[in-house]
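K.L.:
Can you read through this structure? Questions will come right after.
Residue numbers (this note's numbering): 91 to 265.
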């Protein structure tokens, strides 16, 4: 079964709460460890933007955005896996109080999952940047990317939301 954002809760295999907390740990660490690589890819986008402004050649920027958005995809996929674990934890009798955390962070989770669904078509996301920003492409140099109604980036705010979510989950974890 294809695990996409829209159908994410269908047909999930059963997991013990202990295993689900390990899944949360794994994907939290994965997202955090990927943060520095994403920042490096943003610098590549900034350099490619300079090339576009100097030469008018759009291809280096398109390629840099493709790579960056693939890295974003990994990061927001980690959010998806954490969401799936939270859903299943909320269904277990002994960990049902995790539902409060899941609902409290719903907005941040949904924001990341919205972007995750769009990033499944990386090429379309690249083209949307050019269509949305048109002559204002410098906004990409300001670490702002357009994802159908949402400006998004893997930035300090996103990382802080992830840290806060993880800490809230850890507080609810049985000893």
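Virtual Cβ for every residue (Gly too), placed ideally from N, Cα, C.
Helix, strand or coil: which one does DSSP assign to residue 107?
P.N.:
Mapped onto the chain shown, residue 107 falls at position 17. It is helical.
K.L.:
How many angstroms separate the CA atom of residue 161 from the CA atom of residue 121?
P.N.:
Residue numbering aside, residue 161 sits at position 71 when the chain shown is read from its first letter. Residue numbering aside, residue 121 sits at position 31 when the chain shown is read from its first letter. Cα-Cα distance, rounded: 10 Å.
K.L.:
Out of 102, 106 and 101, which has the shortest C-alpha to C-alpha gap to residue 264?
P.N.:
Numbered from 1 along the chain shown, position 174 holds the residue referred to as residue 264. With distances taken between Cα atoms, residue 264 lies closest to 106.
K.L.:
Measure the alpha-carbon distance for residue 207 versus residue 253 and round it to whole angstroms.
P.N.:
The sequence position of residue 207 within the chain shown is 117, counting from 1. The sequence position of residue 253 within the chain shown is 163, counting from 1. Approximately 22 Å between the Cα atoms of the pair.
K.L.:
Straight-line CA distance for residue 245 to residue 132?
P.N.:
Taking the chain shown and counting its residues from 1, one reaches residue 245 at position 155. Taking the chain shown and counting its residues from 1, one reaches residue 132 at position 42. For residue 245 and residue 132, the distance between alpha carbons rounds to 10 Å.
K.L.:
Got a sec? Which residues, its chain only, sit under 7 Å from residue 233 by beta carbon, not counting five neighbours each side?
P.N.:
If you number the chain shown from 1, residue 233 lands on position 143. 132, 243 and 245.
K.L.:
Output the distance between the C-alpha atoms of residue 140 and residue 104, rounded to the nearest integer angstrom.
P.N.:
Numbered from 1 along the chain shown, position 50 holds the residue referred to as residue 140. Numbered from 1 along the chain shown, position 14 holds the residue referred to as residue 104. Approximately 50 Å, taken between the alpha carbons.
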